[in-house]
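First up is the structure itself, then whatever we jot down about it.
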Amino acid sequence: MAAGVRQAPLRIGVAGLGTVGAGLLRLLRDQAGMLEVRCGRELRVVGVSARSKSKDRGVDLSSFEWFDAPEALAASPHIDVFVELIGGEGGAAKASVEAALAAGKHVVTANKALIAHHGASLAAKAEGRGLALNFEAAVAGAIPIVKALRESLSGNTLTRVYGIMNGTTNYILSRMTHEGGDFSAILADAQAIGYAEADPAFDVGGHDAAHKLAILTTLAFGTQISLDSIYIEGIEAITAADIGAADDLGYRIKLLAAAVRTESGIEQRVHPAMVPKTAAIAQVDGVTNCVAVDADHAGGVMLAGPGAGAQATASSVVSDLADIARGLILPPFAVPVAQLKPYQRAQMREHEGGYYIRLSVYDRPGAFAAIATRMAAEGISLESIVQRRTRALGASPDGAGAPTPVIIITHRTMEAAIRRALDAIERDGHVDRPPQMIRIEKL
Ligand code: NAP
Ligand code: HSE
Numbered sequence: 033m034a035a036g037v038r039q040a041p042l043r044i045g046v047a048g049l050g051t052v053g054a055g056l057l058r059l060l061r062d063q064a065g066m067l068e069v070r071c072g073r074e075l076r077v078v079g080v081s082a083r084s085k086s087k088d089r090g091v092d093l094s095s096f097e098w099f100d101a102p103e104a105l106a107a108s109p110h111i112d113v114f115v116e117l118i119g120g121e122g123g124a125a126k127a128s129v130e131a132a133l134a135a136g137k138h139v140v141t142a143n144k145a146l147i148a149h150h151g152a153s154l155a156a157k158a159e160g161r162g163l164a165l166n167f168e169a170a171v172a173g174a175i176p177i178v179k180a181l182r183e184s185l186s187g188n189t190l191t192r193v194y195g196i197m198n199g200t201t202n203y204i205l206s207r208m209t210h211e212g213g214d215f216s217a218i219l220a221d222a223q224a225i226g227y228a229e230a231d232p233a234f235d236v237g238g239h240d241a242a243h244k245l246a247i248l249t250t251l252a253f254g255t256q257i258s259l260d261s262i263y264i265e266g267i268e269a270i271t272a273a274d275i276g277a278a279d280d281l282g283y284r285i286k287l288l289a290a291a292v293r294t295e296s297g298i299e300q301r302v303h304p305a306m307v308p309k310t311a312a313i314a315q316v317d318g319v320t321n322c323v324a325v326d327a328d329h330a331g332g333v334m335l336a337g338p339g340a341g342a343q344a345t346a347s348s349v350v351s352d353l354a355d356i357a358r359g360l361i362l363p364p365f366a367v368p369v370a371q372l373k374p375y376q377r378a379q380m381r382e383h384e385g386g387y388y389i390r391l392s393v394y395d396r397p398g399a400f401a402a403i404a405t406r407m408a409a410e411g412i413s414l415e416s417i418v419q420r421r422t423r424a425l426g427a428s429p430d431g432a433g434a435p436t437p438v439i440i441i442t443h444r445t446m447e448a449a450i451r452r453a454l455d456a457i458e459r460d461g462h463v464d465r466p467p468q469m470i471r472i473e474k475l
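My numbering numbers the first residue of the sequence shown as 33 and each following residue consecutively.
Here's what the structure looks like:
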């Protein structure tokens with residue numbers, strides 16, 4: 033375009049005016065002048081949609097056309113870009129994104145569930161029509177990891193992508209570590225601030241992080257999205273006792289998401305992990321996320337920043353809008369979906385590393401020896417075994433001493449061996465509840 037020729041405004045429709053949607057409207061309003069200069073054209077919201085027209089969202093909607101149905105906004109001839117901030121893998125989010133692509137509109141979304149479940153088919157539709165399907169805000173809030181993988185690291189072969197990809201759980205674990213406090217009360221705080229998903233079980237159960245990991249795996253390795261292949265454990269079972277023991281042993285507990293290229297395929301996993309206090313990832317506290325990649329030419333690259341919240345997420349939505357305003361339209365997953373390679377899964381049971389095990393053991397003769405024998409039978413070498421004193425809980429029904437916590441740290445070993453040993457220990461009847469097992473990651 034010749035210098036001095038003004039481009040028409042980019043006309044935007046926003047569906048979903050909750051935490052992120054309202055944050056986006058505020059950001060576009062407050063940064064309008066700067067964005068127009070940077071993009072060479074105005075980013076102009078023209079239409080909006082949500083369930084309630086009358087709800088006070090702390091932002092003036094009077095200059096926007098209101099749509100009761102997001103699908104109608106998506107197909108409106110008055111918009112160029114449809115921004116989906118409704119959430120959920122299907123329902124109105126999916127229907128409206130499909131309507132937008134069918135009507136020839138670019139799409140921006142913060143919806144990781146939608147992209148993890150339906151990203152391939154939606155990307156095929158977008159590519160077929162030369163449209164953008166941008167989802168920077170879907171992964172790790174403000175961190176520009178999608179752009180980094182899609183564009184900045186194009187010249188590299190990646191072997192691992194990992195990090196902390198859920199703000200709500202990191203906020204909960206950090207506060208439990210540094211302040212103590214009750215899991216449910218801290219989760220309620222995260223919900224009140226706007227960090228959590230509509231159903232916070234997605235955060236706490238590790239599913240939100242899994243959605244993000246599935247997207248990053250495809251961007252990093254050029255493989256088809258494989259959400260079902262992810263091993264997922266949430267933080268529901270993490271107790272104050274585990275956090276205290278981790279602290280004593282020189283670790284922090286984090287909800288780790290990792291995708292690793294191995295000889296037998298790609299391993300994708302989301303689970304609590306004990307990481308050394310000295311590791312960079314251990315310093316990532318509160319709602320902050322971090323994503324690290326191992327790249328053959330760039331080396332190790334780590335990005336950190338706010339992983340959730342209105343402003344942080346809106347920042348990434350605006351980055352996607354700015355790309356469209358500037359005419360940068362790329363295949364959503366960096367390569368055309370038809371060229372994504374089949375996903376080959378490496379089984380989680382082949383994971384090899386050290387383990388933290390907390391057993392609640394009846395205090396009676398032979399219990400320790402029996403546990404050590406079961407470990408030895410599986411070839412598991414123990415780094416330490418410590419009995420932690422607690423208040424007396426009373427004796428077991430068969431007259432054995434009250435259960436006391438026993439903390440075991442193993443050397444590197446195969447996960448399958450650990451699982452077999454713990455199954456046997458539980459069957460032997462020396463413990464009063466299922467063992468707690470947390471993987472140790474020397475990142
Ligand atoms: P939210 O606060 O629950 O807002 C959802 C919005 O969608 C509300 O405005 C709601 O309308 C509207 N909505 C729901 N069903 C609708 C329907 N059938 N038709 C039209 N509008 C409908 O959610 P959020 O936290 O902003 O999250 C939105 C998306 O961003 C999700 O995909 C989420 O995973 C993602 N995300 C969120 C964050 C974060 O920090 N919150 C960060 C990154 C990504 P009413 O207000 O009228 O009820
Ligand atoms: N609920 C998500 C989180 C929002 O806590 O990380 C950001 O994707």
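Don't be surprised by glycine CBs; every beta carbon is placed ideally from N, CA and C. If you're wondering where the values come from, they're calculated on a predicted model, not measured in any experiment.
Using a Cβ-based criterion (distance less than 7 Å to any ligand heavy atom), does residue i qualify as near the ligand HSE?
i	result
Asn-166	no
Gly-45	no
Asn-198	yes
Asp-231	no
Asp-355	no
Tyr-227	yes
Asp-240	yes
Gly-339	yes
Asp-235	yes
Gly-318	no
Gly-173	yes
I'd like to confirm the pairing. Which residues does DSSP put opposite residue i in its beta bridges?
i	result
Thr-189	Answer is none; Thr-189 lacks a bridge partner.
Gly-337	Asn-321
Ile-439	Arg-390, Val-418
Thr-294	Gly-297
Leu-288	His-303
Gln-256	Answer is none; Gln-256 lacks a bridge partner.
Gln-343	Paired residues: none, contrary to the question.
Thr-445	Gly-385
Ile-264	Val-302
Taking all protein chains shown into account, decide if residue i is buried (16 or more other Cβ within 10 angstroms of its Cβ) or exposed.
i	result
Ile-472	buried
Thr-51	buried
Glu-66	A small fix is needed here, since residue 66 is Met in this sequence, not Glu. Looking at its Cβ environment, which holds fewer than 16 other Cβ atoms inside 10 Å, Met-66 is exposed.
Gln-300	buried
Pro-374	exposed
Gly-79	buried
His-443	exposed
Val-418	exposed
Gly-331	exposed
Leu-42	buried
Arg-423	Caution is warranted here: a pLDDT of 45 is assigned to Arg-423, below 50, making its placement in the model unreliable, and no coordinate value can be reported.
His-210	exposed
Glu-23	Outside the displayed span of the chain (33 to 475) sits residue 23, for which this structure offers no information.
Arg-420	exposed
Would you say the beta carbon of residue i comes nearer than 7 Å to a heavy atom of the ligand NAP?
i	result
Ile-177	no
Arg-58	no
Asn-143	yes
Ile-118	yes
Leu-475	no
Leu-219	no
Lys-309	no
Gly-277	Rather than Gly, the amino acid found at residue 277 in this sequence is Ala. False, no ligand heavy atom lies under 7 Å from that Cβ.
Lys-244	no
Lys-87	yes
Gly-53	yes
Gly-359	no
Thr-191	no
Gly-48	yes
Thr-345	yes
Ser-296	no
Ala-169	yes
Ser-108	no
Under a CB-based cut-off of 8 Å, is residue i close to chain C?
i	result
Ala-246	Of the protein chains in the structure, only one exists, and it is not chain C.
Looking at the ligand SAH, does it come within less than 7 Å of residue i, judged from the CB to the closest heavy atom?
i	result
Ala-336	As presented, the structure is devoid of the ligand SAH, carrying the ligand NAP and the ligand HSE as its sole ligands.
Fill in: Every unbroken beta strand (DSSP E) within the stretch 81–148, with a cutoff of 3 residues, ordered by chain
97–99, 113–116, 138–141
Fill in: Segments of 3+ residues assigned as beta strand (DSSP E) that fall wholly inside the stretch 297–333
297–308, 320–327
Worksheet item: Can you list, in chain order, the stretches of the beta strand (DSSP E) that have 3 or more residues and sit fully within the stretch 37–84?
Response: 42–47, 75–81
Worksheet item: How about the stretch 266–278 and the stretch 231–243: do they share at least three Cβ pairs that are nearer than 8 Å?
Response: yes
Worksheet entry | Inside the stretch 161–225 only - alpha helix (DSSP H) runs reaching at least 4 residues | 199–210, 215–225
Practice prompt. Count the CB pairs spanning the stretch 199–212 and the stretch 276–286 that are closer than 8 Å, and state whether there are at least three.
Written response: yes
Worksheet item: Does the pairing of the stretch 458–471 with the stretch 382–393 give three or more beta-carbon distances under 8 Å?
Response: yes
Discussion item. Between the stretch 363–380 and the stretch 86–106, can you find at least three pairs of beta-carbon atoms closer than 8 Å?
Written reply: no
Item to complete: Mind the definition here: the stretch 334–353 touches the stretch 226–235 only if three or more C-beta pairs lie below 8 Å; say whether that holds.
Response: yes
Worksheet item: Are the stretch 397–412 and the stretch 433–452 touching, with three or more C-beta to C-beta distances below 8 Å?
Response: yes
Item to complete: Examine the Cβ distances between the stretch 105–113 and the stretch 141–152 and report whether three or more of them are shorter than 8 Å.
Response: no
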